[in-house]
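Visitor: Shown below is the structure under consideration.
Number of protein chains: 2
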Amino acid sequence: MGLKKKIATKGSTGKRPARPEDTYFVIMAGGRGERFWPLSTEFSPKPFIGLIGQKTFIELTVERARRIVPIERIFVVLGKEHVPVARTCLPGLPQGNFIVEPVGRDTAPCVALAASIVKAKDPDAVMVILPSDHFVPDEKKFTALIKKAIKVARGRNDLITIGITPDRPETGYGYIKRGKPVTLPHGPDCFEVDRYVEKPNITRARRYIREGGFYWNAGIFVWRAAVLLDTLRLHMPKMHEGIMEFQKAAGSRRLKKADAIFAGLEKVSIDYGLMEKAKNVLVVPATFSWDDVGTFTALRRVMPTDKDGNVVMGNAVVLDTSTSVIISGDKPIAVLGVSDIVIVASDNGILICDASKVQEVRRVTRILAEKNHKK
Amino acid sequence: MGLKKKIATKGSTGKRPARPEDTYFVIMAGGRGERFWPLSTEFSPKPFIGLIGQKTFIELTVERARRIVPIERIFVVLGKEHVPVARTCLPGLPQGNFIVEPVGRDTAPCVALAASIVKAKDPDAVMVILPSDHFVPDEKKFTALIKKAIKVARGRNDLITIGITPDRPETGYGYIKRGKPVTLPHGPDCFEVDRYVEKPNITRARRYIREGGFYWNAGIFVWRAAVLLDTLRLHMPKMHEGIMEFQKAAGSRRLKKADAIFAGLEKVSIDYGLMEKAKNVLVVPATFSWDDVGTFTALRRVMPTDKDGNVVMGNAVVLDTSTSVIISGDKPIAVLGVSDIVIVASDNGILICDASKVQEVRRVTRILAEKNHKK
Numbered sequence: 001m002g003l004k005k006k007i008a009t010k011g012s013t014g015k016r017p018a019r020p021e022d023t024y025f026v027i028m029a030g031g032r033g034e035r036f037w038p039l040s041t042e043f044s045p046k047p048f049i050g051l052i053g054q055k056t057f058i059e060l061t062v063e064r065a066r067r068i069v070p071i072e073r074i075f076v077v078l079g080k081e082h083v084p085v086a087r088t089c090l091p092g093l094p095q096g097n098f099i100v101e102p103v104g105r106d107t108a109p110c111v112a113l114a115a116s117i118v119k120a121k122d123p124d125a126v127m128v129i130l131p132s133d134h135f136v137p138d139e140k141k142f143t144a145l146i147k148k149a150i151k152v153a154r155g156r157n158d159l160i161t162i163g164i165t166p167d168r169p170e171t172g173y174g175y176i177k178r179g180k181p182v183t184l185p186h187g188p189d190c191f192e193v194d195r196y197v198e199k200p201n202i203t204r205a206r207r208y209i210r211e212g213g214f215y216w217n218a219g220i221f222v223w224r225a226a227v228l229l230d231t232l233r234l235h236m237p238k239m240h241e242g243i244m245e246f247q248k249a250a251g252s253r254r255l256k257k258a259d260a261i262f263a264g265l266e267k268v269s270i271d272y273g274l275m276e277k278a279k280n281v282l283v284v285p286a287t288f289s290w291d292d293v294g295t296f297t298a299l300r301r302v303m304p305t306d307k308d309g310n311v312v313m314g315n316a317v318v319l320d321t322s323t324s325v326i327i328s329g330d331k332p333i334a335v336l337g338v339s340d341i342v343i344v345a346s347d348n349g350i351l352i353c354d355a356s357k358v359q360e361v362r363r364v365t366r367i368l369a370e371k372n373h374k375k
Numbered sequence: 376m377g378l379k380k381k382i383a384t385k386g387s388t389g390k391r392p393a394r395p396e397d398t399y400f401v402i403m404a405g406g407r408g409e410r411f412w413p414l415s416t417e418f419s420p421k422p423f424i425g426l427i428g429q430k431t432f433i434e435l436t437v438e439r440a441r442r443i444v445p446i447e448r449i450f451v452v453l454g455k456e457h458v459p460v461a462r463t464c465l466p467g468l469p470q471g472n473f474i475v476e477p478v479g480r481d482t483a484p485c486v487a488l489a490a491s492i493v494k495a496k497d498p499d500a501v502m503v504i505l506p507s508d509h510f511v512p513d514e515k516k517f518t519a520l521i522k523k524a525i526k527v528a529r530g531r532n533d534l535i536t537i538g539i540t541p542d543r544p545e546t547g548y549g550y551i552k553r554g555k556p557v558t559l560p561h562g563p564d565c566f567e568v569d570r571y572v573e574k575p576n577i578t579r580a581r582r583y584i585r586e587g588g589f590y591w592n593a594g595i596f597v598w599r600a601a602v603l604l605d606t607l608r609l610h611m612p613k614m615h616e617g618i619m620e621f622q623k624a625a626g627s628r629r630l631k632k633a634d635a636i637f638a639g640l641e642k643v644s645i646d647y648g649l650m651e652k653a654k655n656v657l658v659v660p661a662t663f664s665w666d667d668v669g670t671f672t673a674l675r676r677v678m679p680t681d682k683d684g685n686v687v688m689g690n691a692v693v694l695d696t697s698t699s700v701i702i703s704g705d706k707p708i709a710v711l712g713v714s715d716i717v718i719v720a721s722d723n724g725i726l727i728c729d730a731s732k733v734q735e736v737r738r739v740t741r742i743l744a745e746k747n748h749k750k
């Protein structure tokens with residue numbers, strides 16, 4: 001466990017007293033609006049749309065975080081083009097709690113930046129990283145598990161990832177294979193990580209389900225900011241250095257320099273860049289249900305359906321139609337005699353897409369963007 | 376030919392000199408907007424929409440008539456709820472040339488009323504009846520044939536119907552079985568009518584095509600107004616009497632009485648009520664191509680298609696899609712991975728319908744009408 005020594009943080013090892021005010025949430029709201037057109041757009045991507053009920057994904061995520069910490073300790077990381085829509089969605093979030101990335105460089109720089117900001121607030125801070133656009137129906141179970149994970153993170157020099165127990169052989173997610181169990185008195189189930197697995201093909205995905213011990217990587221992490229930064233320095237020293245330089249430049253208001261530094265950081269995910277390399281990673285299996293609602297067809301899993309398996313939202317007349325997703329804007333939609341179709345109308349346009357093609361909606365948005373560009 | 380004697384008109388038998396100013400066109404624009412929702416509505420049914428190019432069906436129909444007669448001799452029969460949209464579509468039509476039906480009672484009262492009005496203008500008038508919402512791409516051939524049919528009608532005491540030579544076993548139209556040929560020097564092909572056939576099932580329709588000698592009944596008629604009224608008096612004496620009373624009441628401005636008389640007329644089509652019974656009916660086969668564009672899928676026959684057989688009108692991105700009809704409103708439509716689907720968007724709403732179900736669009740409009748009614 002030599003590595004662990006290197007990443008121990010200044011003056012903080014072993015058990016630590018419960019100190020809820022040391023906990024921060026960082027909600028990641030980068031990303032583009034391509035897969036949810038016409039509800040989402042370049043300027044209002046998925047976190048900022050309300051697919052499920054009236055509230056936007058990011059509002060619901062902030063509400064989950066507020067069950068554990070006050071709003072002052074919730075940060076939202078986002079691109080500057082999304083600041084206006086984010087302010088509209090989250091009027092209660094203090095202005096200083098928006099962490100604005102100069103450019104999107106995937107999740108590693110984003111997480112590292114957030115960790116450096118959180119650590120500056122409190123060198124012993126525990127931080128919880130949440131994606132901004134997932135669906136967690138049971139908030140109580142979520143709260144309970146995250147609180148347990150926070151305690152684990154507070155007491156150890158480990159990076160904790162929350163693993164989702166798969167209920168289907170999904171090929172759209174990365175998997176985490178668990179290793180030896182880690183015994184935690186009064187703690188949640190917890191395992192060492194045997195390995196990370198890239199998005200598998202369907203044969204492999206089926207095998208993972210059959211074998212057990214595999215979890216979906218949902219991008220939910222809990223750790224001390226200092227542990228993250230130490231692990232980063234060990235495995236991604238350039239990234240670590242870049243973030244420190246960025247913070248120095250930003251702190252002294254040399255904004256152009258700061259932007260240039262950030263733009264020069266490696267564009268890589270925290271999973272690929274760090275988690276797969278680090279030895280101090282634990283997986284805590286989620287006890288709450290979860291869906292990333294990655295496409296319109298995911299709504300068939302998470303929303304109530306009619307007797308023919310349709311999800312119907314808004315003003316629609318639906319006849320002789322099955323297993324379709326129908327979302328209307330302000331005008332009525334009439335659907336007659338189709339099945340397995342996604343139909344979505346908004347002020348931006350209308351999508352009609354076979355359910356098997358929802359992953360390809362971005363092809364459409366790219367063509368539309370080109371058309372607009374030519375205009 | 377005893378019947379023919381009875382229907383001879385006052386002082387007019389046998390050959391008549393060519394007198395083009397004796398010809399009137401009557402364009403029938405009754406009917407509802409159910410099958411073309413969301414383009415058509417209760418207040419703007421099919422004749423008043425522009426499915427093909429920029430012009431509305433009724434505009435195109437009036438233009439065809441104007442190739443033969445001046446606008447003053449073109450009448451449009453319509454319901455009063457459609458007068459506003461008709462005036463917008465036909466700004467050049469004299470106000471007095473709109474024949475407004477108090478209520479829709481199918482085509483027999485409508486034709487009879489138009490005939491009585493035309494006969495009042497000119498006792499020897501020839502009238503051409505045209506539906507207002509059909510598609511006739513070759514106007515020259517149409518003009519030539521109608522002119523010939525007018526000459527035939529002028530010279531005989533017969534009701535002439537234009538028969539469309541079927542190019543497919545259509546089950547949506549009535550058929551006319553031709554009888555013995557009628558020899559007309561310098562005239563068009565012409566036949567006695569053996570019988571009228573109601574909309575057949577597909578087996579029969581296929582047999583008609585195989586056997587030949589069957590024509591589609593397109594609702595295009597040419598006759599002297601006096602001959603029509605005499606034939607009407609013979610076979611539908613009550614209808615004849617009712618129309619005469621209606622005209623008397625309307626002529627003396629007793630409008631409430633006139634409305635009541637019209638509302639009391641039998642609701643029946645001219646085909647079923649008169650043409651099938653009359654012995655003085657001839658069929659002249661059309662030499663022009665024709666389509667009634669009865670549903671959205673008919674556009675696949677009459678409009679240019681892309682390489683995958685799609686009809687695409689307006690602002691649309693269409694990928695991996697075949698044999699579909701896509702009509703956009705002002706917002707972009709994106710279509711991905713479907714086939715044989717009708718997609719139509721307008722200010723009134725959005726329709727997504729399997730091509731096999733286009734005949735059932737009225738189910739949708741009825742439900743929407745109920746919903747609106749409840750509001």
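Heads up: the sequence lines are chains A and B, in that order.
With my numbering applied, the first sequence covers 1 to 375.
With my numbering applied, the second sequence covers 376 to 750.
Think of the CB as a built atom: it goes at the ideal place given N, C-alpha and C, for glycine as much as any other residue.
(1) Do Val503 of chain B and Phe432 of chain B count as a contact pair if the criterion is CB distance below 9 Å?
(2) Given a threshold of 16 other Cβ atoms within 10 Å of its Cβ, counted over all protein chains shown, does Thr107 of chain A qualify as buried or as exposed?
(3) Does DSSP classify Asp729 of chain B as helix, strand or coil?
(4) Am I right that Ala218 of chain A and Asp292 of chain A are in contact with their C-beta atoms under 8 Å? What's the rounded C-beta distance?
(5) Taking Ile27 of chain A and Val76 of chain A to be in contact with their CB atoms under 8 Å, please state how far apart those CB atoms are, rounded to whole angstroms.
(6) Give me the Cα-Cα distance between Val318 of chain A and Val335 of chain A, rounded to the nearest whole angstrom.
(7) Unbroken beta strand (DSSP E) runs of length 3 or more, entirely within the segment 209 to 235 of chain A: which are they?
(8) Quickly, what does DSSP pair Met127 of chain A with across the bridge? List them, please.
(9) Would you check if the distance between the CB atom of Val344 of chain A and the CB atom of Val325 of chain A is smaller than 9 Å?
(10) Going along the chain, which residues of its own chain have a beta-carbon closer than 6 Å to the beta-carbon of Val118 of chain A, five neighbours each way excluded?
(11) Mind checking which residues open and close the alpha helix (DSSP H) that includes Pro237 of chain A?
(12) Would you say Asn685 of chain B lies against chain A (beta-carbon separation less than 9 Å)?
(13) I want to see whether chain B comes within less than 9 Å of Trp223 of chain A, judged by CB atoms only; does it?
(14) Is the shortest distance between the beta-carbon of Ser356 of chain A and the beta-carbons of chain B less than 9 Å?
(15) Are any of the Cβ atoms in chain A nearer than 9 Å to that of Ala317 of chain B?
(16) Do we get a CB-CB distance below 9 Å when we pair Ala334 of chain A with the residues of chain B?
(17) Please classify Asp722 of chain B: is it buried, with 16 or more other beta-carbons within 10 angstroms of its beta-carbon, or exposed?
(18) Mind reading off the beta-carbon distance from Val311 of chain A to Thr161 of chain A? Whole number of angstroms is fine, and I expect it under 8 Å.
(19) CA-CA distance, Ala404 of chain B and Ser339 of chain A?
(20) Between the segment 727 to 736 of chain B and the segment 658 to 672 of chain B, are three or more C-beta pairs nearer than 8 Å?
(21) Under 9 Å Cβ-Cβ, which residues of chain B neighbour Leu368 of chain A?
(22) Starting from Asp542 of chain B, follow its DSSP beta bridges and name the residues at the other end.
(23) Between Ile49 of chain A and chain B, is any beta-carbon pair separated by less than 9 Å?
(24) Taking the straight line between their C-alpha atoms, what separation do you get for Lys256 of chain A and Gly96 of chain A?
(25) With a 10 Å radius around its C-beta and 16 neighbouring C-beta atoms as the bar for buried, classify His561 of chain B as buried or exposed.
(26) Chain B partners of Arg254 of chain A, CB-CB under 8 Å?
(27) When DSSP labels each residue in this structure, what does Met313 of chain A get in the three-state scheme?
(28) Please state whether DSSP places Thr143 of chain A in a helix, a strand or coil.
(29) Anything in chain B within Cβ reach of Glu360 of chain A, meaning under 7 Å, just list it in chain order.
(30) Please name the residue or residues paired with Arg330 of chain B in a DSSP beta bridge.
(31) Report the option in A:Ile99, A:Val85, A:Arg66 and A:Val193 whose CA atom is closest to the CA atom of Ser40 of chain A.
(32) Please classify Met376 of chain B: is it buried, with 16 or more other beta-carbons within 10 angstroms of its beta-carbon, or exposed?
(33) Excluding the five sequence neighbours on either side, which residues of its own chain have a C-beta within less than 8 Å of the C-beta of Lys746 of chain B, listed in chain order?
(34) Please decide whether Lys371 of chain A counts as near chain B, where near means a Cβ-Cβ distance under 9 Å.
(35) Name the chain A residues that come within less than 8 Å of Arg738 of chain B, Cβ to Cβ?
(36) Identify whether Pro459 of chain B lies in helix, strand or coil by the three-state DSSP scheme.
Guide: According to the structure shown:
(1) no
(2) buried
(3) strand
(4) 7 Å
(5) 5 Å
(6) 5 Å
(7) If we require 3 residues or more, the beta strand (DSSP E) runs fully inside the segment 209 to 235 of chain A come out as 214 to 224.
(8) A:Tyr24 and A:Trp223
(9) Result yes, Cβ atoms of Val344 of chain A and Val325 of chain A sit closer than 9 Å.
(10) Tyr24, Ala125, Met127 and Ala225
(11) Pro237 to Gly251
(12) no
(13) no
(14) Interface residue (Cβ-Cβ distance to chain B less than 9 Å): Ser356 of chain A is classified as such.
(15) Residue numbering for chain B in the displayed model covers 376 to 750; residue 317 of chain B lies beyond these limits and cannot be assessed.
(16) yes
(17) exposed
(18) Incorrect: roughly 31 Å between the Cβ atoms, too far for contact.
(19) 36 Å
(20) With the rule of 3 Cβ pairs closer than 8 Å, the segment 727 to 736 of chain B counts as touching the segment 658 to 672 of chain B.
(21) Chain B residues near Leu368 of chain A: Val692, Pro707 and Ala709.
(22) For Asp542 of chain B, which the question treats as bridged, DSSP gives no partner whatsoever.
(23) no
(24) Cα to Cα, Lys256 of chain A sits roughly 19 Å from Gly96 of chain A.
(25) exposed
(26) Chain B residues near Arg254 of chain A: none, gap ~43 Å exceeds 8 Å.
(27) strand
(28) helix
(29) Leu711
(30) Missing from the structure shown is residue 330 of chain B; chain B here goes from 376 to 750 and no further.
(31) A:Val85
(32) In this prediction, Met376 of chain B has a pLDDT of 37, which is less than 50 and means its spatial position is unreliable; nothing more can be read from the coordinates.
(33) none
(34) It does; some Cβ of chain B falls within 9 Å.
(35) Leu319 and Leu336
(36) helix
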